[in-house]
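Each residue of the sequence shown is one higher than the one before, starting from 1 at the first, in the UniProt record's numbering.
Down below is the structure, laid out as structure tokens.
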Amino acid sequence: MTISIKPVVLCGGNGTRLWPLSTPRHPKQFLNLLGASSMLEVTLARVQGNPVDGLSFSQPMVIGAERHGELMGGLAGNADILMEPVGKNSAAPVAAAALSADVDDLVLILPADHDIADLGAFHRAVLAGAQAAKTGSIVTFGIIAETPATGYGYIEAASKSGDVIDVVRFVEKPDLETAKSYIASGNFFWNAGIFLFRAGDMIDAFEAHAPDILEAVSAAMPTSKQGTAASFDTAAFEACRSQSIDYAIIEHHDDLKVVPVDMGWSDIGDFQALWERSEKDENGNVLIGNVRAIDCKNCYIRATDTSISVAGRENTVVVAAGGEMLVCDMHTVQSVKELARA
């Protein structure tokens, strides 16, 4: 028996962590960061058709900002598009995803801007999670962590191994020593922000934990479409509280499962992550665009609308785009969002 999944891709985000490549007007999900296709196109491509026995994907939905409507329309193919007049974090679009489906549909929530290297592992994890979601659990996917990263939230599981494990708790981004203890324990996983659930169960969860968000989103749901695109009612959606799905629902819900998976995942959350995933030359440099580099090592240098010449640098990011230039050491890339200009 084949299980059908409805993919819903969350396409919001302000695009500050990869500035000046990524900006609020043109954030990273619409950029060709790792090849000839945008991150949104790559995300949609991994939820097409029947990738493994027993699993199929129905027509996807993309939820994102009205100001990016043209970008979404040009990249989303045959996906349905639901446009937000203002950003309300992730709880509101997840509520909309559940309301837009039949109550028995299995809905898979995916960020639009993550990279997954091992698609087979991803699809097998989704199939494993679908079995639990069918019986009422909200399922999340935990990345098997090899390093004590402090940039991710963590999921604590009830045991170290298993295809689908009970969730003990979610933990926000820890400090380094805490992260090291998590990795040593073996039963903590990075939170990838991917969720799978039966639509009716998520609606029940909102009724229990965030009824005001569910009420506001229900009132804002579109009543008509223009082609494949529709928009929330502006006034009703603006009245919705802004909160993440983690805070609004996941951290309060009792029946949570995690599927541990090693699928070559990255959220491409900064330039170091982008450098790690990109093709490099013999000196460890990523050189893109009209770039000359001499005596450089382990650098990410990218020019989109000018030329760049760099000499004698190691572990450095140099990016020129949109009339702006960024230069920083690789170990300071987390501060880029503080430099970003609108």
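We put the CB at the ideal spot given by N, CA and C, even for glycine.
What number of angstroms, rounded off, separates the C-alpha of residue i from the C-alpha of residue j?
i, j, result
"Ala21", "Phe30", "With the sequence shown as reference, residue 21 is identified as Leu, and Ala is not the correct amino acid for it. The straight-line gap from Cα to Cα measures roughly 11 Å."
"Pro211", "Ala65", "23 Å"
"Leu214", "Leu287", "47 Å"
"Pro85", "Thr23", "18 Å"
"Asp166", "Ile268", "28 Å"
"Val126", "Phe170", "20 Å"
"Ala158", "Ser185", "11 Å"
"Trp275", "Thr223", "44 Å"
"Val319", "Val291", "10 Å"
"Pro174", "Gly227", "45 Å"
"Val279", "Tyr300", "Sequence inspection shows Glu at residue 279; the Val mentioned does not correspond to that position. Roughly 10 Å separates the two Cα atoms."
"Arg138", "Ser309", "The identity of residue 138 in the sequence shown is Ile, whereas the question assumes Arg. Distance between the alpha carbons of Ile138 and Ser309 is about 51 Å."
"Val94", "Ala192", "15 Å"
"Lys225", "Leu108", "22 Å"
"residue 343", "Glu314", "A query on residue 343 cannot be resolved here, the shown segment of the chain reaching from 1 to 342 and no further."
"Gly120", "Glu251", "29 Å"
With which residues is residue i paired in a DSSP beta bridge?
i, result
"Glu314", "Lys297"
"Gly64", "Met83"
"Cys328", "Val317"
"Pro7", "Leu108"
"Ala157", "Val167"
"Gly186", "In DSSP, Gly186 forms no bridge with anything."
"Gly142", "Asn191 and Pro260"
"Leu55", "Ile3 and Val52"
"Val291", "Ile308"
"Ile116", "Trp265"
Going by alpha carbons, who is nearest to residue i out of the options?
i, options, result
"Leu339", "Leu18, Arg313, Asp267 and Gly323", "Leu18"
"Leu10", "Val126, Lys180, Leu44 and Thr234", "Leu44"
"Ser161", "Val261, Ile63 and Lys134", "Val261"
"Ile81", "Phe122, Glu70, Ser38 and Glu177", "Glu70"
"Ile63", "Asp201, Arg302, Ser278 and Phe232", "Phe232"
"Gly153", "Ala179, Thr135 and Val164", "Ala179"
"Gly129", "Asp118, Asp163, Asp105 and Ala96", "Asp163"
"Cys296", "Val317, Gly289, Asn290 and Ser278", "Val317"
"Glu238", "Val94, Ser244, Ala219 and Ala229", "Ala219"
"Gly73", "Lys134, Glu282 and Ala230", "Ala230"
"Asp204", "Ala248, Gln243 and Phe188", "Ala248"
"Gly264", "Arg67, Trp190 and Pro51", "Trp190"
For chain B, is any of its Cβ atoms less than 8 Å away from the one on residue i?
i, result
"Thr228", "No chain B appears in the structure shown, which is made up of a single protein chain."
Just to check my reading of the structure: residue i and residue j have Cβ atoms closer than 8 Å, yes? What is that Cβ distance to the nearest angstrom?
i, j, result
"Leu106", "Ile3", "7 Å"
"Ser58", "Lys134", "Incorrect: roughly 15 Å between the Cβ atoms, too far for contact."
"Ser38", "Ser244", "With 8 Å as the limit, Ser38 and Ser244 do not qualify as a contact, their Cβ atoms being about 24 Å apart."
Legend entry - Given 8 Å, three or more beta-carbon pairs between the stretch 249–261 and the stretch 97–114: no
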